[in-house]
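Protein chains in written order, with my numbering: chain A, 522 to 742; chain B, 29 to 220; chain C, 439 to 718; chain D, 11 to 442; chain E, 1115 to 1451; chain F, 132 to 345.
All residues carry an ideal CB built from backbone N, CA and C; glycine is no exception.
For clarity, every value in this text was computed on a predicted model and none was experimentally measured.
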């Protein structure tokens, strides 16, 4: 960006004004497109989130966001910077089923982001969905492509924590089969869940005292 | 492993900006013909990346929180202007330093690695210190890749590379091989 | 929505702020350097060939701006480029006479004798260091193509007779081949000068013709036949001085028994047939 | 580096004298430096040992007629390097006795150092090991430099060559006399004669001839190539390296070949200037190998004819040793002051093995006595990056040939290095 | 009358040569690999023949296809193509489909050698390049290890997979000692490692035979001893230090030494003269670099084995190493006094 | 005349001066997003939109923008178009947008776009500028698509997600990974060189034959 204003024919003021005008026009254009696409984008995001939550918490049809704010967990619609959230899942009758907890951590290649369903009453993981990963195609990406692996996260005990073992050697309720050839990725998923779980377990209210579903948050959008 | 260390190693080796994210390819392929130039370019890039990290953090914290949709345009304008300002400053204050790395600064500013750094750092929600470490890792990683390629290219100048493949095609293939070798770093320090 | 206002406001703010900073910076941090140097350098071809006599294009640009040289002295640029540089700097283009490289030897494999067989790295200079490469004539072209390799413009190709043929269209008269030839046979001469001595042997009579059938035997007939003062003998070889003597005419070459002085209408060695490059 | 010696062909053969022939050619530039200036004209009668050319400058020497006869021509004649250069051609008088009529022996002891050096120059004496560097230049020591040791080089590490060996065996007294003259004139404390330990007879005979009290030491040296290179020998004897770009005298040593020392003795004690030298004629292509005293200027043709001619299949004739010598293009070139051997090789040695690309095995690095990187030189030379080679100190290379000898890929590394050096010096000249 | 002189030859001195030639050096390496190849046949039977044969065929085909017309025969005779194919074959898992092995050989030569200008010009080890390509291309097939064959004539069904098609893995798969160490914290007995009674690539199982070949090469002076010595020493020292910190978590020095492709890599791949530094000091730095990277990748990285990547990375650094380790020239850096 | 001019501008970008294969510009998005054909096409379309749009604007206002701040203005214009493209893609095809990730904003830094503004649009009338932009962007799209298609076919045995070789095809994973991008483009450039070389050889032969005949 060499503006090279040596041959100072136009005045500095004109230069500044040109830039300001360009900025003004561009700002208007951008705000225009932003405002017009915002509803769709927000709706897309919410739908995605809802689908993911429903997937990791089987039998859930309604959800509500909880935010860890001021050292307590409160039901809130908005999410400020540096705040963390979990999603409570409720069945058709509004009965609490479990939490969908997002977690992230280093994987084989890059950060893995995931969401898992968790029921505090039974200390079970109900389901797991990978939201974001750059794991090796064909190997590491089995953490979300391999139905067996994803399926093994249903009714999985997380007491005291999940352990990934070599394929075909599961014997305990808290053990799952690691993917052959993608042990690192499998273990990364397990580690992220364990870590997120241990982070949140202190913050969640004692089992049975979950806040009820607010009526206005019915569809979670 | 400590989070900061992981950020650093990840940007440096595992997710090397050039070799796995394909960022900053233009200087990577263009300026890597001599070792000395590429070392200086690497240095200058690392410097600009640090400046970028600071700018990005300031923008994210104070401006973009009100207007997230201006992210891209703010990044590019602010970073470019800041670097240009610094370039002029260096030129005035230390002609020697300017000759050593300053002449590369305008070249780097509009480089996608710089913008990429700002965007990635924002996407991952890095704080100030994390951002600096990330920039440092990315910059040194860029320098490392650049210097390795320059060394290989200088050496291959002495080889009988067939005329058909000489030039960009060969550079790309060398880059591909380097990228293949860097795959060995995958997962480094992530499991510990 | 207030974002309708914030966005343009921020943009205008940024535009004003940085526009102002840069404008101030331009004023206070400006370094005095003639911007025309850079602009001129960008217009030049950037081959850094040195044909203009400067070490490279940037120094040439500096000299151009300071007025020490003419744009036309760049032999590589096209006419258009030279015009536009001249226009930009508002100077006269000062076009130069076109020079081409000519070889002062006509003794290829067919004409010059080989007294020993050379084996080793294929290159004139490499052969020259091994007892002269085995060519009988110690002054003539070795025919191993160092000039062909050195030429930046792909203008030199070895013909089947083992002599370098210069493509006069492509030749930019840079000194690469002159420097590359271990026997200093290349000379940059104006393309319009048709009379040329194709021999470099300082021997006279049979001593010369024994070595090569197209050697100059220093008989002096060309001196006699040419316009007075045009040609003189020096070191047993004719020297043509266009500035000193009368007009050059083809007459001078007619009586040369060995065809060592030639009248060039086009490129050198163009009429040579393809024959084996080297003899024992 | 330990190339096979191939010395058995001639090491036991006594030195013989070659009979005089007809044509003699004395190039004016047969030493390193400025060519000599002719002091005779065509048609003039000359006597053997008569001065025929004066030094052309300080780094130049005189020439003397090797035969009694007539100057046939002074003009451009083909020299050893294949090029034409000014030379004096002399036709020998078939009926002359060819006896040297010696100047009365000079009283060398009374000469001042300057007079002594002038005398060496006028005697035409040059380094006889092969380089042909004028000896008087080497003996001129600038003020402030003190020579402590006179080192006499009897290593003769090149395969095939035995002329120095024979000289030490047959003329040990002359060698020691010459050594004494040079040592006294230089004011050196000690003379050291370095001889490779594969010549025990030479070591023994030299030790026997040293008179008691004479400060002379014979040092047996390890057999290796290139032991006879000046700086290598200093390293072997004194254990120190001569800094690059400096001369042995900078470490207080003066090195001279045994042949040079004997030539000095011959001049100052017997009045004979340098008009002949000892040449080893050997190699698989020669019928009767020999060590010969050859008048300078004798065509190789005559030398070879005396040795029974060439065997069939002769391919290459080398002047000097097989490692550093120069191939000659024609049998008509003359034997010069720096020519220690005429080696004739046949098809078997010269049928070149196929050249392979450099695989960077590093054998040349291990072989290089100067710790250069020949493989890099060869690659750079092929890419014509000569300036880069200069930065890698290509001019420190003495072209000993070790790298090429060791190269499994048969790359002509020395030739490439010489090409580069040639280009670099040539271009320096053309740019003024 | 003068007899006609012989046609003299001008060939630059020195005329004498020592006995070693480049093709002979290449053949020596092949001879040195024979015991390990034999072991591969012993453990894995006919499958070893199929896999190694396919690699060599691919390599040779690439040589022939891309060679210039006039040098076609020569590039075959110098045996470098065969050597590359053999080396590559020895690093592959025994159950690899033949078509993949063939592709690996082809890529190794074309990408690793031909495009660089042929023998002596490549900057990366071709065999390892071929393997890295295969590992990145077919990660599953390349990390599926089958146990040693029952009888000599048994062939793994996966060897015979159709071109471009997946391999059907038959029966059980085993893991390499390194894999078991990394993922299951199981240590394989040392005796098995030394003799080669473990899962793994065809040629890397028997450390002892590989060492034997290395000694042969060293005796023939075909190998820069500094490189294998510095690699192996670095690995031993590094892992010994780690073991001192935490003997449970980190593998023992001897285990590191004899497991995986370390021996094969250190002795036959890293020492490839073309792609390793030519200076002695450079060789030490190269070796130490490889050693450190091997342990780094094995212990802290995501992959169980890192020899291949370590060598390739150091290959990439070789021009830099060479440049900064030029030997001190005689008489430079000394005083005259 | 006018018509053939703009046609000329169009075709040169597609083939003769193809920004990727011939000028080697815009490498970063070229390699980063071409691991599948659909991503490549999406990226190509976005670039197309940005380049054509900004060329139109720049060319229209070319006489109004002071020379000193032209680059800044170009960048603001380009960045605006990119932001528009970014949000449009996010709203319409969120899945593709997720795959392309940060590379949509990075279109700003594609040197091809700024280069065209500087070299062409700021000097020529709107009509030619737009034709040139269409040609260049078309060439870019073509290059992206061919690379993406090759990488997807070999790397996944599919094109636009449709399996081509049946279930048992063994994918060449490297093609989807970063090294595959470098290598594939290198090989494509190699073929371009080879093609050019053969063409030159052919032309030389023709010339030779003509000279021989005359």
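- Classified as exposed, residue 462 of chain C has fewer than 16 neighbouring CB atoms from the shown chains inside 10 Å of its CB.
- Distance between residue 1386 of chain E and residue 1232 of chain E, taken at the CA atoms: about 14 angstroms.
- Straight-line measurement puts the Cα of residue 1341 of chain E at about 58 angstroms from the Cα of residue 186 of chain F.
- The C-beta separation of residue 252 of chain D from residue 157 of chain D comes to about 14 angstroms, leaving the pair out of contact by the 8 angstroms criterion.
- Against chain C, the CB of residue 191 of chain B has no partner CB under 8 angstroms away; the residue lies outside that interface.
- Taking 8 angstroms as the threshold, the shortest C-beta distance from residue 293 of chain D to chain C does not fall below it.
- Where residue 218 of chain F is concerned, the enclosing alpha helix (DSSP H) starts and stops at 201-223.
- Taking 8 angstroms as the CB threshold, residue 573 of chain A stays off the interface with chain C.
- Only those residues of the segment 43-56 of chain B whose C-beta falls short of 8 angstroms from the nearest C-beta of chain F are listed: 47, 48, 49, 50, 51, 52, 53, 54.
- Secondary-structure assignment with DSSP links residue 75 of chain B through no beta bridge to anything.
- DSSP, reduced to helix, strand and coil, places residue 565 of chain A within a helical segment of the structure shown.
- The segment 1280-1325 of chain E is shown to contain whole alpha helix (DSSP H) runs of 4 or more residues at 1304-1309, in chain order.
- Residue 1429 of chain E carries a helical assignment under DSSP once its states are collapsed to helix, strand and coil.
- In this model, residue 1150 of chain E and residue 1307 of chain E are separated by some 14 angstroms (Cα to Cα).
- Interface annotation for the segment 648-659 of chain A against chain E: 657, 659, criterion Cβ-Cβ distance under 7 angstroms.
- Residue contact with chain F for residue 136 of chain B: absent (no Cβ-Cβ distance below 8 angstroms to any residue of chain F).
- With fewer than 16 neighbouring CB atoms inside 10 Å of its own CB, residue 194 of chain F falls in the exposed class.
- Residue-level contact by beta carbon holds for residue 556 of chain C and chain E, with a gap shorter than 8 angstroms.
- Within chain C, 448 have C-beta atoms less than 7 angstroms from the C-beta of residue 91 of chain B, given in sequence order.
- The straight-line gap separating the alpha-carbon atoms of residue 554 of chain C and residue 1125 of chain E is approximately 10 angstroms.
- Taking 8 angstroms as the CB threshold, residue 180 of chain B stays off the interface with chain D.
- The beta carbon of residue 237 of chain D sits closer than 7 angstroms to the beta carbons of 165, 167, 206, 231, 243, 246 from its chain, once the five residues preceding and following it are set aside; these are given in chain order.
- Contact of residue 1121 of chain E with chain C is assigned, a C-beta pair being separated by under 8 angstroms.
- Cβ-Cβ distances below 8 angstroms link residue 341 of chain D to 309, 310, 311, 314, 327 in the same chain, with the five nearest sequence neighbours on each side left out; the list follows chain order.
- Apart from the 5 residues on each side of it in sequence, residue 83 of chain B sits with its Cβ closer than 8 angstroms to the Cβ of 103, 106, 107, 110, 146 in its chain, given in chain order.
- The segment 306-324 of chain F makes contact with the segment 191-200 of chain B; the number of CB pairs closer than 8 angstroms reaches 3 or more.
- CA-CA distance, residue 252 of chain F to residue 1166 of chain E, rounds to 59 angstroms.
- Listed in chain order, the beta strand (DSSP E) elements of length 3 or more contained wholly in the segment 101-178 of chain D are 159-164.
- Assignment of residue 112 of chain B by DSSP, reduced to helix, strand and coil, places it in the helix class.
- For residue 1153 of chain E, the enclosing alpha helix (DSSP H) has its first and last residue at 1136-1158.
- For the segment 623-639 of chain A, the set of positions with a beta-carbon nearer than 8 angstroms to some beta-carbon of chain B reads 627, 628, 629, 630, 631, 632 in chain order.
- At the C-beta level, residue 44 of chain B and residue 210 of chain B come within 8 angstroms of one another.
- Going by DSSP, residue 377 of chain D is part of the alpha helix (DSSP H) stretching over 373-377.
- Legend: CB atoms of the segment 686-710 of chain A lying less than 7 angstroms from CB atoms of chain E belong to residues 687, 702, 704, 705.
- Short of 6 angstroms from the beta carbon of residue 1172 of chain E, and not among the five residues preceding or following it, lie these beta carbons of its own chain, in chain order: 1216, 1219, 1220.
- The C-beta distance from residue 360 of chain D to residue 1129 of chain E rounds to 7 angstroms, short enough to fall under 8 angstroms.
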